[in-house]
Amino acid sequence: MTLLEIFPSLRSGMPSPRLDATVWPRRTHYDELGRITVDGVALDDIADRYGTPAYVLGETEIRDRCRSYRKHFPDAEIIYAAKALLTRTVAGWIADEGLGIDVCSAGELAVALAAGVDPGRIVLHGSGKPYAELDYAVRAGVGRIVIDSLTEVSLLSTVVTRPQRVLLRLTPDIDVSGHPAVRTGVADQKFGFPLHDETTAEAIRTILAHPLLELCGFHCHLGSQIHDPDHYGEAVRRLVARMAEVRREHGAVLTQLNLGGGHAVAYRTGDAELNLSELADIVDDALDAACARNRFPRPVIAMEPGRGVVARAGVTIYRVTAIKRVPGGRTFVIVDGGMNDNPRVALYGARYDAVLASRHPTGPQLTATVAGRCCEAGDLLATDVRMPADLHVGELLAMPCTGAYHHSLASAYNGVGRPPIIAVRDGRMRELVRRETPQDLLLRDIG
Ligand code: LLP
């Protein structure tokens, strides 16, 4: 008999060691029934009402993360990278908290505009923006467009009919390591312009000579899951030096320096995350030093966190649909979702934790692999996780840190529709995005 069984009331509000505040929304607890609650709502109740799998999203957590960015970087512009997660309501919360929004397609732009976000606070990105999207963005009055190629300089030159502020995306050749799919700061990849190259010089010359294009600064995005803040300091040093060269060569003083996103979060207990206080100090020191060395006026810094704002606000819930113990092999816990709602494991080898959400297990545990329902052997969600030995089919599992690049990367693979997004706050739940049904799939299939 454990203390918890003798005194079940001890469970209420008690953070379990497994509900680590670095990976779960900070308002996550066990209730008196031993169920996991997020911001006052039991995951079990969400599953009963909206079915599984479902993405649960903590509004308070997102708002708190926005505030934390603004507190740590009071002089910088914080622009949320919508590719991590975008719905009209989420865009509204983020704009409410004083952040700008970075979009990378007409679709994301349409959602941000539909949410009522001020177009002047929207930044458009992308390595291959089609003519029609540039035209749409310019007509919508998007505040800044980040130029990624010489082709884009030409396209934009013909599209603009009034002054348009632009940034030039540069690759400062900083290797932050990590998965090759998300290394973007090195020279040999598809994004932006090398720091020094004839194409870069031509882009700068052409934009400065254009009567309506206003080059206000440089942009870079070094990669994903960066936990060493020194990389950002190095980017500041290299890009400020490049800005000083532009002033020497053209007499133009660029005033904005956008350092992109890529701030690491912990997916599992013990994973390294980027410390925002350290980042603020390092960027500040690097700016002081670089501006003094180049006798260059301090540019306004912008940052574009996506994951850092929303990842830890998300929890995905699944029902166990089968349990298989392979003789001499692994124990598979199969759930009703999988790589169509979380392709990150198959794409990047991402690692997650999974926890029983419908009761607080106190008995013996075993090591299991949580697998999805898709028809691929690689459809795994979490490996080597501890599960109660008496786990049974029908029980509810929760996976934390699934707020970023989950809904936005989801697909209807295997004809399994994308899960709904259920927002929680102060004991209330509401559906932001409904489940994709077979009828939805048939609607697009116009035969
Ligand atoms: N700014 C730019 C220009 C970006 O390309 C990105 C992400 C961000 C900001 C935001 O990065 P974050 O702070 O969220 O790391 N699907 C991958 C991530 C790809 C990120 C692409 N660009 C994943 O699930 O890990």
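If you're matching positions, the sequence shown starts at 653 in my numbering and goes up one per residue. Yeah, the Cβ is synthetic: ideal placement off N, Cα and C, and Gly gets one too.
Proximity test, residue i beta-carbon vs the ligand LLP heavy atom, cut-off 7 Å
i, result
"Asp754", "yes"
"Ser1010", "no"
"His873", "yes"
"Arg996", "yes"
"Tyr1057", "yes"
"Val834", "yes"
"Ala733", "yes"
"His777", "yes"
"Ser829", "no"
"Gly869", "no"
"Ala736", "yes"
"Tyr919", "no"
"Gly1001", "no"
"Ser809", "no"
"Pro771", "no"
"Thr956", "Before going on, a small fix: residue 956 reads as Glu here, not Thr. Yes, the ligand LLP has a heavy atom inside 7 Å of this Cβ."
"Ser929", "no"
"Arg959", "yes"
"Gly795", "no"
"Leu822", "no"
"Leu1061", "yes"
Contacts around residue i, its chain only, beta-carbon distance under 7 Å, and the 5 residues preceding and following it disregarded
i, result
"Pro1013", "Pro1040"
"Ser1010", "Arg687, Asp696, Glu1047 and Leu1048"
"Leu737", "Val962, Gly1055, Ala1056, His1059 and Ser1060"
"Ala789", "Leu761, Leu776 and Ile797"
"Arg795", "Checking the sequence shown, residue 795 turns out to be Gly, not Arg. Cβ within range, chain order: Pro771, Gly772, Arg773, Ile774, Val775 and Arg817."
"Ala1062", "Asn992, Asp993 and Arg1070"
"Ser876", "Gly830, Val834 and Gly914"
"Glu657", "Residue confidence for Glu657 is low, a pLDDT of 46 falling below 50, so the modelled location carries little weight and cannot support an answer."
"Leu1095", "none"
Spatially closest choice to residue i from the options, by CA coordinates
i, options, result
"Ala734", "Gly780, Ile878, Cys756 and Arg722", "Cys756"
"Asn1066", "Pro1016, Asp993 and Gly958", "Asp993"
"Leu999", "Ala833, Arg1082 and Ala932", "Ala833"
"Leu706", "Leu1095, Asp1097 and Leu1084", "In the sequence on display, residue 706 carries Ala and not Leu. Nearest option by C-alpha distance: Leu1084."
"Asp1078", "Ala1006, Val708 and Thr712", "Thr712"
"Asp923", "His871, Cys1053, Leu1033 and Ala893", "Cys1053"
"Asp936", "Ile1074, Asp882 and Ala896", "Asp882"
"Leu819", "Arg1096, Leu867 and Gly778", "Leu867"
"Leu911", "Val888, Ala904, Ala893 and Ala918", "Val888"
"Lys842", "His848, Asp827 and Asp800", "Asp800"
"Ile986", "Arg947, Pro979 and Ala1034", "Ala1034"
"Met895", "Cys872, Arg920 and Val917", "Cys872"
"Met1081", "Gly981, Thr689 and Leu685", "Thr689"
"Val742", "Leu671, Ala1002 and Ala764", "Ala764"
"Arg977", "Asp1042, Glu1028 and Leu822", "Asp1042"
"Glu1132", "Val997, Gly981, Pro995 and Leu909", "Nothing about residue 1132 can be reported from this structure: the residues present for the chain run from 653 to 1099 only."
"Ile969", "Met1051, Arg982, Arg717 and Asp1097", "Met1051"
"Asp988", "Pro824, Thr704, Gly958 and Val892", "Thr704"
"Ile714", "Arg679, Ala694 and Asp700", "Arg679"
Contacts around residue i, its chain only, beta-carbon distance under 8 Å, and the 5 residues preceding and following it disregarded
i, result
"Met653", "Low per-residue confidence applies at Met653: pLDDT is 36, beneath 50, and the placement is therefore not dependable enough to give any value."
"Gly793", "Pro771 and Gly772"
"Asp727", "Val952 and Ile953"
"His902", "Ile856, Arg857 and Leu860"
"Phe659", "Unreliable placement is indicated for Phe659, whose pLDDT of 41 sits below 50; the coordinate value is still reported in the next sentence. No residues qualify anywhere along the chain."
"His1044", "Val972 and Ile975"
"Cys1027", "Asn1066"
"Gly750", "Cys718, Arg722 and Ile730"
"Ala941", "Arg889"
"Thr852", "Leu820, Leu822, Phe845 and Pro846"
Contact belief for residue i with residue j at Cβ below 8 Å, rounded distance in angstroms
i, j, result
"Leu802", "Glu854", "6 Å"
"Gly752", "Glu729", "6 Å"
"Pro677", "Val898", "That belief does not hold up - the Cβ atoms of Pro677 and Val898 are roughly 44 Å apart, past 8 Å."
"Val1037", "Ala1006", "5 Å"
"Leu906", "Phe870", "7 Å"
"Ile1032", "Thr1021", "It should be pointed out that residue 1032 corresponds to Leu in this sequence rather than to Ile. Correct: roughly 6 Å between the Cβ atoms."
"Ile1074", "Val805", "Rounded, the Cβ-Cβ distance is 44 Å, inconsistent with contact."
"Ile878", "Ala938", "Their Cβ separation, rounded to whole angstroms, is 15 Å, which puts Ile878 and Ala938 out of contact at 8 Å."
"Phe984", "Ala1029", "Actually they do not touch by this definition, with Cβ atoms about 11 Å apart."
Contacting residues, own chain, Cβ-Cβ under 6 Å from residue i (five flanking each side not counted)
i, result
"Val812", "Val790 and Leu864"
"Pro667", "Interpretation of Pro667 is limited by its pLDDT of 43, a score under 50 that renders its predicted location unreliable; the figure taken from the coordinates is listed afterwards. Nothing meets the Cβ criterion."
"Pro1072", "Tyr702, Ala706, Glu1083, Val1085, Arg1086 and Arg1087"
"Gly665", "In this prediction, Gly665 has a pLDDT of 44, which is less than 50 and means its spatial position is unreliable; what the coordinates show is noted afterwards. Correct list, in chain order: His681."
"Thr739", "Leu1084 and Val1085"
"Ala767", "Arg740, Ala743 and Gly744"
"Ala758", "Glu785 and Tyr788"
Exercise for review: Let me know the alpha helix (DSSP H) ranges lying completely inside the segment 943-982, each 4 residues or longer, listed in chain order.
Suggested key: Contiguous alpha helix (DSSP H) elements confined to the segment 943-982 occur at 959-962, taking only those with 4 or more residues.
Point to revise | Completely contained alpha helix (DSSP H) runs for the segment 740-810, where each covers 4 or more residues | key: Counting only runs of 4 or more, we get 740-748, 758-766 and 783-792.
Point to revise | Complete runs of the beta strand (DSSP E) confined to the segment 671-704 [at least 3 residues] | key: Scanning the segment 671-704 for uninterrupted beta strand (DSSP E) segments of 3 residues or longer gives 680-682 and 688-690, listed from N- to C-terminal end.
Exercise for review: Only counting runs of 3 or more residues, tell me where the beta strand (DSSP E) segments fall wholly within the segment 824-912, in order along the chain.
Suggested key: Complete beta strand (DSSP E) runs here, min 3: 865-871 and 908-910.
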